[in-house]
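K.L.:
A single structure is presented below for examination.
Number of protein chains: 2
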Amino acid sequence: MTSFKTDAKQDRHVGIKSAGNGAHKAAIRQENEEQILAAAEQVFADYGFKGATTARIAEMANVPKANVHYYFSTKEVIYRRIMEDVCDHWLQAAMTFDNSADPAVILRGYIEAKMDLSRARPYGSRLWAHEIIRGAKFSSDYISTTVKDWLDSRVVVIKGWIAEGKMDDIEPYSLMYMIFATTQHYADFGRQIEIFNDNRPLSEEQFAEAKENVVRIILKGVGLR
Amino acid sequence: MTSFKTDAKQDRHVGIKSAGNGAHKAAIRQENEEQILAAAEQVFADYGFKGATTARIAEMANVPKANVHYYFSTKEVIYRRIMEDVCDHWLQAAMTFDNSADPAVILRGYIEAKMDLSRARPYGSRLWAHEIIRGAKFSSDYISTTVKDWLDSRVVVIKGWIAEGKMDDIEPYSLMYMIFATTQHYADFGRQIEIFNDNRPLSEEQFAEAKENVVRIILKGVGLR
DNA sequence: TTTTAACCTGACCAAACGGTCAAGATAAAT
DNA sequence: ATTTATCTTGACCGTTTGGTCAGGTTAAAA
């Protein structure tokens, strides 16, 4: 971990200096900010907003604590930045809704994208879970505008499918909540799943099977395919 | 809140004193412990283990902070107590598995019981979510023994149904995780659902409809009924 | 009535907290 | 070569933290 970071820094030191034009300083900044954000995502996931400490973020990012505050004024700024970034990725996972293809294809694509995000970025998902569990104190505005608009537009699409008789008459919100819950469970409750799985993280094969099961149950459950 | 507590205390003061035999002191103890546990459940749900403060628990329980430590030696003791109590209730919700009735009836009963617990005790669910998200540091032993045994025995039952051709060939763990995730989502992400629902908590009717939708999608999804 | 055991609590403490700052190091611009 | 702007960091500060404790009150037992 430590050696990785040091190496990367030195690589850049050598590789970019010749490019001149202040690129080195810019690279240092980018490198450090990324390092801090990545560390913070993990620490916030583990301890929540209040429980996370800047000292621990600094330690995990391999920078002195004062340096964390050089790049980010407060703990809250870091937290908000990660929070919105995670949610933006989720919203983009529903791009499949936009091309008006077969509902089963659209829903499958969305569920699979969501599962993949849980696998690829579990800390971000867990940070979001913390945020909502504690009452969405920082994010209620964002949710009631951006996220709600996004959700409502998908609900309209689903209602269209129902009206056309393409799927069962299911309350669309219930369906979307089920997709949120189930896909994010594989990140948020990953530790619990790991314990049930004889204390081993799900293998690629196991995860792929889980993903396929989730898709199958939900699609069939709403009368698609 | 305050008046409720004071009244209750005085009621007991009058009502039980005549019973004699140290019942009053015992009643005081029980009353205070319950008050503290109820307050702690909420505070832990809101802030997680590290973020929760004994001062806030005390304030919410309407007792001086020192009194919290008179009844419970440490914050951790309170936390563990609530945690296991919540999980025990969940395990009992799967009692329906024991009478060998129709799979659809059993699964419906379990899902409905789980939904009802999310509605009745959201803070407990959120405390558990915190605990797992941060890595199940206090509960991994409990999960890998008691809870795992419980889960595995239900998985056996489901595999039996599959073998008898009563339902689709679904990986039972995927199904159980989906039930965990979806039912607990209504507690853990209750604030998010509330925001989507025009900033109003789900009414009894809305919740009942959600419950029925969850049951329908999952039962049909696994080929039951 | 006296004694005893349980309950109550303001005041306190060492440790940990988020954030600041001055002073030094480094690299870009002049 | 010198100035300027950015990056780095140990030391520090006021506040909050979980937990303690001595000295009090109250109710049960003797």
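So the protein sequences, as listed, match chains C and R. Quick note, the first sequence lines up with residues 1 to 225 if you use the numbering used here. Quick note, the second sequence lines up with residues 1 to 225 if you use the numbering used here. No residue lacks a Cβ here, since even glycine has one placed at the ideal position from N, Cα and C.
What in chain C is Cβ-close to residue 214 of chain R, meaning under 7 Å?
P.N.:
Along the second sequence, one-based indexing puts residue 214 of chain R at 214. 174 and 178, listed in chain order.
K.L.:
Residue range of the alpha helix (DSSP H) that residue 162 of chain R falls in?
P.N.:
Mapped onto the second sequence, residue 162 of chain R falls at position 162. It spans 148 to 163 - the alpha helix (DSSP H) in which residue 162 of chain R sits, taken as one unbroken run.
K.L.:
Return the first residue and the last residue of the alpha helix (DSSP H) that residue 84 of chain R is part of.
P.N.:
In the second sequence, residue 84 of chain R corresponds to position 84, counting from 1. Per DSSP, residue 84 of chain R belongs to the alpha helix (DSSP H) from 75 to 92.
K.L.:
Determine whether the Cβ of residue 151 of chain R lies closer than 8 Å to any Cβ atom of chain C.
P.N.:
In the second sequence, the residue the question calls residue 151 of chain R occupies position 151. Yes, residue 151 of chain R counts as interfacial toward chain C.
K.L.:
Which value, in whole angstroms, describes the spacing of the CA atoms of residue 102 of chain C and residue 197 of chain R?
P.N.:
What you label residue 102 of chain C is simply residue 102 of the first sequence in a count that begins at 1. What you label residue 197 of chain R is simply residue 197 of the second sequence in a count that begins at 1. Whole-angstrom Cα-Cα distance: 28 Å.
K.L.:
Measuring CB to CB, does residue 31 of chain C end up less than 8 Å from residue 71 of chain C?
P.N.:
Residue numbering aside, residue 31 of chain C sits at position 31 when the first sequence is read from its first letter. Residue numbering aside, residue 71 of chain C sits at position 71 when the first sequence is read from its first letter. Going by C-beta atoms, residue 31 of chain C is not nearer than 8 Å to residue 71 of chain C.
K.L.:
Any residues in the region 129 to 159 of chain R with a beta carbon nearer than 7 Å to a beta carbon of chain C? Which ones, in chain order?
P.N.:
Correct list: 129, 130, 132, 133, 134, 135, 136, 140, 143, 144, 148 and 151.
K.L.:
By alpha-carbon positions, which one of R:221, R:132, R:215 and R:170 ends up nearest to residue 115 of chain R?
P.N.:
As a first step, residue 115 of chain R must be located in the second sequence, where it is residue number 115. It is R:215 whose Cα lies nearest to the Cα of residue 115 of chain R.
K.L.:
Going along chain R in order, which residues have a C-beta closer than 9 Å to the C-beta of residue 162 of chain C?
P.N.:
Residue 162 of chain C sits at position 162 when you count from the first residue of the first sequence. Correct list: empty, because the minimum Cβ distance to chain R is about 12 Å.
K.L.:
Output, in chain order, the set of chain C residues within a Cβ distance shorter than 9 Å of residue 221 of chain R.
P.N.:
Within the second sequence, residue 221 of chain R is the residue found at index 221, counting from 1. Under the 9 Å cutoff, chain C gives 216, 217, 218, 219, 220, 221 and 222.
K.L.:
With burial defined as no fewer than 16 other Cβ atoms inside 10 Å of the residue's Cβ, what is the status of residue 125 of chain C: buried or exposed?
P.N.:
For the purposes of this step, residue 125 of chain C is taken as residue 125 along the first sequence, with counting starting at 1. Answer is buried; the Cβ neighbour count reaches 16.
K.L.:
Kindly list, in the order they appear in chain R, the residues whose Cβ is closer than 9 Å to that of residue 185 of chain C.
P.N.:
Indexing the first sequence from 1 puts residue 185 of chain C at position 185. Here the neighbours are 177, 178, 180, 181, 182, 184 and 185.
K.L.:
Classify residue 190 of chain C: buried if its beta carbon has 16 or more other beta carbons within 10 angstroms, exposed otherwise.
P.N.:
Counting from one through the first sequence, the residue named residue 190 of chain C turns up at place 190. Counting Cβ neighbours within 10 Å, residue 190 of chain C comes out buried, since at least 16 surround it.
K.L.:
Under 8 Å Cβ-Cβ, which residues of chain R neighbour residue 171 of chain C?
P.N.:
Numbered from 1 along the first sequence, position 171 holds the residue referred to as residue 171 of chain C. Near residue 171 of chain C (Cβ distances below 8 Å), the residues of chain R are 209, 210 and 213.
K.L.:
Between residue 224 of chain R and the rest of its own chain, which residues show a CB-CB distance below 7 Å, the 5 nearest in sequence each way excluded?
P.N.:
For the purposes of this step, residue 224 of chain R is identified with residue 224 of the second sequence, where counting begins at 1. Cβ neighbours of residue 224 of chain R beyond the five flanking positions: 103, 104, 107 and 167.
K.L.:
Taking 8 Å as the limit between beta carbons, can you name the residues of its chain near residue 53 of chain R, skipping five residues before and five after?
P.N.:
Start at 1 with the first residue of the second sequence, and residue 53 of chain R comes out as number 53. Excluding positions up to five away in sequence, the list reads 43 and 47.
K.L.:
State the Cα-Cα distance for the pair residue 91 of chain R and residue 179 of chain R, rounded to the nearest angstrom.
P.N.:
Working through the second sequence from its first residue, we reach residue 91 of chain R at position 91. Working through the second sequence from its first residue, we reach residue 179 of chain R at position 179. Near 13 Å, if we compare the C-alpha coordinates of residue 179 of chain R and residue 91 of chain R.
K.L.:
If you follow the alpha helix (DSSP H) that residue 56 of chain C is in, where does it begin and where does it stop?
P.N.:
Walking along the first sequence from the start, residue 56 of chain C turns up at place 56. Per DSSP, residue 56 of chain C belongs to the alpha helix (DSSP H) from 54 to 61.
K.L.:
Within 10 Å of its beta-carbon, does residue 164 of chain C have 16 or more other beta-carbons around it, so buried, or fewer, so exposed?
P.N.:
In the first sequence, residue 164 of chain C corresponds to position 164, counting from 1. Looking at its Cβ environment, which holds fewer than 16 other Cβ atoms inside 10 Å, residue 164 of chain C is exposed.
K.L.:
Roughly how many angstroms separate the alpha carbons of residue 188 of chain C and residue 24 of chain R, rounded to a whole number?
P.N.:
Taking the first sequence and counting its residues from 1, one reaches residue 188 of chain C at position 188. Taking the second sequence and counting its residues from 1, one reaches residue 24 of chain R at position 24. About 45 Å.
K.L.:
At the level of alpha carbons, what is the spacing between residue 111 of chain R and residue 67 of chain C?
P.N.:
Within the second sequence, residue 111 of chain R is the residue found at index 111, counting from 1. Within the first sequence, residue 67 of chain C is the residue found at index 67, counting from 1. Rounded to the nearest angstrom, the two C-alpha atoms are 50 Å apart.
K.L.:
So what does DSSP say about residue 64 of chain C, is it helix, strand or coil?
P.N.:
Along the first sequence, one-based indexing puts residue 64 of chain C at 64. Of the three classes helix, strand and coil, the one that applies to residue 64 of chain C here is coil, per DSSP.
K.L.:
So, with DSSP's three-state summary, where would you put residue 103 of chain C?
P.N.:
To locate residue 103 of chain C, count along the first sequence from 1; it is residue 103. Residue state, collapsed to three classes: helix.
K.L.:
Name the chain R residues whose beta carbon is nearer than 9 Å to that of residue 126 of chain C?
P.N.:
The residue given as residue 126 of chain C occupies position 126 in the first sequence. Neighbours of residue 126 of chain C on chain R, chain order: 133 and 134.
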